[in-house]
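Asker: Numbering (my numbering), first residue to last: 94 to 447. We put the beta carbon where it would ideally sit given N, CA and C, even for glycine.
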Ligand code: ADE
Ligand code: ZN
């Protein structure tokens, strides 16, 4: 599907570029694109399975469309094998931060999947240290505020998740990791499997934040369970919440933000077209959401292109983007002073164009 340019004039594109943007749903391992994958494979002497694409071009073709969430995750997990050293994790995250800095990203709450690495013998401290160094550099040199969120892989045995939690304890206690999430295949691994895991991590630090992927490929019930049983304050994806009017009211009343990833939903074929996504229902019901890139190297859309594609599909006015931007700032886990500064910046950008 190619997108016509209606609703996205050059002026609108410039406005979207200028808006201070936040990401709350970005898997650092999902920024591992063909252009970094093959050099890292060479650097670390890693070979791929025989049926894995052999060139950047072949891989880019494969990434045009995925057979559902699992179809994408297959490539995501195989590719991780090239990440071995602290320098690899640093390079991956730093490449992402420098790129999105040019697209107007000012705040990034980023996910990582330690089990995808510890399972291959890479110690969690190596992963955390490489990613954290890139976060600190992004704050100091690019002015991007960051939070690091550790995700549990829900398809792994709960005992493996529990071991990972114990191995990560000191990083939560000293504030290096600030949040816990839950990702991977949703269909057969409902949130209730992870009640104890969430309870344990929330005891590590009084400020630890909780979120979970829910209502992506499965129904609204997983969103309700994540809220009720895991005590999350945010939901990743959550697009299927629109099936349940009571839940919609709750999300609006309790200001639970959905971190929506429109291009991801389209590329793994949860929807045929971005215009099918329930943004208008969410706006009408006053359910806060942010717009995110999820795994931009795989879905071939970083944050600005994602905003532009959404605009091409929905043709919103600038006031609507102001509302979305402010909800995205208020739903962030940033300090109140930074929130105020960024909200003021949104008003200034709006005034510049109106
Ligand atoms: N891991 C990386 N991207 C994901 C997604 N969209 N859903 C679940 N797990 C993921
Ligand atoms: Zn995700």
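Out of curiosity, what's the CA-to-CA distance linking residue 257 and residue 157?
Answerer: In a straight line, the C-alpha of residue 257 is about 33 Å away from that of residue 157.
Asker: Using 8 Å as the cut-off, classify the Cβ of residue 120 as near or not near the heavy atoms of the ligand ADE, replying yes or no.
Answerer: Because some heavy atom of the ligand ADE lies under 8 Å away, the Cβ of residue 120 counts as near it: yes.
Asker: Using a Cβ-Cβ cut-off of 7 Å (strictly less than) and excluding sequence neighbours within five positions of residue 415, which residues of its own chain qualify?
Answerer: These residues qualify, in order along the chain: 439, 443.
Asker: Could you pull out every unbroken beta strand (DSSP E) segment of at least 3 residues lying fully inside the segment 129-200, listed in chain order?
Answerer: Segments of the beta strand (DSSP E) lying fully in the segment 129-200: there are none.
Asker: Indicate, with yes or no, if the ligand ADE has a heavy atom lying under 8 Å from the CB of residue 254.
Answerer: Flag unset: Cβ of residue 254 not near the ligand ADE.
Asker: Are three or more beta carbon pairs between the segment 185-198 and the segment 143-163 nearer than 8 Å?
Answerer: Touching, no.
Asker: Taking just the CA atoms, how far does residue 384 sit from residue 276?
Answerer: When rounded, the distance between both Cα atoms is 18 Å.
Asker: Just the C-alpha distance for residue 249 and residue 401, rounded to the nearest angstrom, thanks.
Answerer: Rounded to the nearest angstrom, the two C-alpha atoms are 36 Å apart.
Asker: Evaluate residue 126 with the Cβ neighbour count: other Cβ atoms within 10 Å of its Cβ, from every protein chain shown; 16 or more gives buried, anything less gives exposed.
Answerer: Buried: at least 16 other Cβ atoms inside 10 Å.
Asker: For residue 303 and residue 182, I'd like the C-alpha separation in whole angstroms.
Answerer: Between residue 303 and residue 182, the C-alpha separation is close to 23 Å.
Asker: Hey, could you find the ends of the beta strand (DSSP E) residue 319 is sitting in?
Answerer: Taken as a continuous stretch (DSSP letters only), residue 319 belongs to no beta strand (DSSP E), being part of the alpha helix (DSSP H) at 313-322.
Asker: Within the segment 206-268, note down every full alpha helix (DSSP H) run reaching 4 residues or more, in order along the chain.
Answerer: Runs of the alpha helix (DSSP H) inside the segment 206-268: 208-211, 217-230, 251-266.
Asker: Can you list, in chain order, the residues of its chain whose CB lies under 7 Å from that of residue 146, leaving out five sequence neighbours each side?
Answerer: Excluding residues within five positions, the ones whose Cβ falls inside 7 Å are 152, 155.
Asker: What runs of the beta strand (DSSP E), each 3 residues or longer, lie entirely inside the segment 367-435?
Answerer: Runs of the beta strand (DSSP E) inside the segment 367-435: 382-384.
Asker: For the alpha helix (DSSP H) that residue 290 lies in, which residues bound it at each end?
Answerer: Looking at the DSSP string, the run of the alpha helix (DSSP H) that includes residue 290 is 288-295.
Asker: Below 6 Å CB to CB, which residues in the same chain sit around residue 406 once its five sequence neighbours on both sides are set aside?
Answerer: The residues are 367, 368.
Asker: I'd like to know whether the C-beta atoms of residue 294 and residue 273 end up nearer to each other than 9 Å.
Answerer: Their beta carbons are under 9 Å apart, which means residue 294 touches residue 273 by this criterion.
Asker: Just to confirm the assignment, what range does the alpha helix (DSSP H) spanning residue 276 have?
Answerer: Premise fails: residue 276 lies in the beta strand (DSSP E), 272-276, not in any alpha helix (DSSP H).
Asker: If you count every other CB in all the chains shown that lies within 10 Å of the CB of residue 311, and 16 or more means buried, which is it?
Answerer: Counting Cβ neighbours within 10 Å, residue 311 comes out buried, since at least 16 surround it.
Asker: Whole angstroms are fine: how far does the CA of residue 263 sit from the CA of residue 291?
Answerer: When rounded, the distance between both Cα atoms is 16 Å.
Asker: Tell me residue 360's beta-bridge partners as DSSP assigns them.
Answerer: None, per the DSSP bridge assignment.
Asker: Grab the span of the beta strand (DSSP E) containing residue 114 for me, first residue to last.
Answerer: 114-120 is the extent of the beta strand (DSSP E) around residue 114.
Asker: Pull up the distance between the alpha-carbon of residue 411 and that of residue 271, whole angstroms please.
Answerer: Cα-Cα distance, rounded: 33 Å.
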